[in-house]
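Working notes, structure below.
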Amino acid sequence: MRVLLTGGAGYVGSHAAWMLHRAGHDVWAYDNLSEGHRKAVPEGRLVVGDLMDRTKLEATLREHKIEAVMHFAALAYVGVSVTNPAEYYQNNIVGTLSLLDSMRAAGVNRIVFSSTCATYGTPERVPITESEKQSPINPYGFTKLVIEHALADYSHAYGLGYAALRYFNASGAAADSSIGEDHDPETHLIPLVLQVALGQRENIKIFGDDYPTPDGTCVRDYIHVDDLATAHLAALKNLNDGSQLKLNLGTGNGASVMQVVEACRKVTGHPIPVEIVGRREGDPPELVADASLANQTLGWQPKYTHIEAIVASAWHWHQQNPRGFVRGE
Ligand code: UFG
């Protein structure tokens, strides 16, 4: 299929772009490079453009005769969304509405949307099923939930076929280490711990060890970025006019912050000193997916089910790219 990936130069988007490309799809990344990396995109497949530029978006959809969109482009720092919500509402909501309108104008009727477990806020039951109440506790999660509602309404009114894929904690890197995780600034646990192993930081600060979890540190469901990519491919195949898929993507295995650090010690052989500091605002104690619906609907199953394997793939990338993608590339 001819597929446009907004945010296709970003972390999850670029892994999906490569997987689709290798599977023989005609792939175009549409990215303003505010966070993404030119080098992460298959050669000659990048259109530099902004979601707010409707003229360019629509022209790109028409020019490449796009049949489906995967919408990764978003701001995704929970903390910044609290201090600068305007940017998040503009980019994640207004930007996405601009995309949906451009799609309607160009007659593109299929979309796979990057949603998040942050739409659940602090869940009442773990593992989390899709029927859990969606009650976000930060603007980032709220912007994603608003778009889930917009997709449902557009589907009902205009026959849009969509899949909202609710990622848990995206992590790891491509098996051949050709692309990986590089955020600026980096705030995610695994890359930060690996920076300690690389000698780039002294220790890892653990945000709270007094949560109601087995070792007192927060539990998350780390899902490998290539497993997210295969779920996108499967969702794309499943979409029809008016499809409304809402699926959790996780492994179903929780790992605490301490367990992630321990996995990093094993994989890297570095002692990785830790420092316990206060809780980070807005962190729920435990987020673990029940992803059985994705399994039933898409026949999807993650390949990476153990935190050590996920950490090992990230470590290979970080060892080979200790400065990440060189800036501007
Ligand atoms: N953590 C630390 N120290 C650090 C960084 C993180 O202890 O230096 C802890 C966090 O408190 C959290 C866990 O490690 O308990 C994972 O934190 P990340 O920042 O790696 O990931 P989050 O769970 O906060 O965020 C991820 C995605 C978001 C998404 C969110 C949903 O990155 O986009 O899950 O909860 F919104």
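Its first residue numbered 1070, the sequence shown is counted upward by one per residue in my numbering.
Note that CB positions come from ideal geometry on N, CA and C, so glycine has one too.
In this structure, the alpha-carbon of Leu-1258 lies about 40 Å from that of Tyr-1227. Distance check between Glu-1136 and each of Met-1172, Pro-1154 and Val-1110 places Met-1172 closest, using alpha-carbon atoms only.
Cβ contact annotation for Leu-1214 (same chain, cutoff 6 Å, sequence separation greater than five): Thr-1188, Gln-1203 and Pro-1205, in chain order.
For Tyr-1099, there is no enclosing alpha helix (DSSP H); the residue is found in the beta strand (DSSP E) stretching over 1095–1100.
Fully enclosed beta strand (DSSP E) runs of no fewer than 3 residues occupy 1115–1117 of the region 1105–1138, in order along the chain.
Distance from Val-1346 to Phe-1276 at the Cβ level is roughly 6 Å; contact confirmed, criterion being Cβ atoms closer than 8 Å. Taking 8 Å as the cut-off, the Cβ atoms of Trp-1386 and Ser-1183 do not count as close.
Around the beta-carbon of Arg-1179, 16 or more other beta-carbon atoms lie within 10 Å, marking it buried. Taking 8 Å as the cut-off, the beta carbon of Thr-1299 is found no closer than this to the beta carbon of Thr-1374. Boundaries of the alpha helix (DSSP H) around Ala-1085: 1080–1091. Linking Asp-1284 to Ile-1162 through their CA atoms gives a straight-line distance of about 37 Å. A Cβ-Cβ contact shorter than 8 Å links Gly-1077 with Phe-1141.
Scanning the region 1179–1259 for uninterrupted alpha helix (DSSP H) segments of 4 residues or longer gives 1208–1227, listed from N- to C-terminal end.
Lys-1134 and Val-1288 have their C-alpha atoms roughly 43 Å apart.
Leu-1367 is positioned such that its CB atom lies no closer than 8 Å to that of Asn-1309.
In the DSSP annotation of this structure, His-1387 is not part of any beta strand (DSSP E); the continuous alpha helix (DSSP H) holding it starts and ends at 1376–1389.
Taking the Cβ atoms as the reference, Tyr-1223 lies roughly 12 Å from Ser-1312, outside the contact range of under 8 Å.
Residue environment analysis places Lys-1315 among the buried positions, since at least 16 neighbouring C-beta atoms fall within 10 angstroms of its C-beta.
With respect to the 8 Å criterion, Val-1294 and Ser-1240 are classified as neighbours on the basis of their beta carbons.
In the structure shown, the three-state DSSP call for Lys-1306 is helix. Shown here, Ala-1143 sits in coil according to DSSP, grouped into three states, outside any helix or strand.
Between the C-alpha atoms of Pro-1208 and Pro-1254 there is a straight-line separation of about 19 Å.
Straight through space, the alpha carbons of Met-1327 and Asp-1251 are spaced by roughly 22 Å.
For Thr-1299, the three-state secondary structure derived from DSSP is helix. Taking the Cα positions, Ala-1145 is about 11 Å away from Gly-1079. Relative to the ligand UFG, even the nearest heavy atom lies 7 Å or more away from the CB of Tyr-1158. Inclusion of Tyr-1236 and Leu-1297 in the CB contact set at 8 Å is warranted, their separation being smaller than that value.
When beta bridges are read from the DSSP output, Asn-1317 appears opposite Arg-1235.
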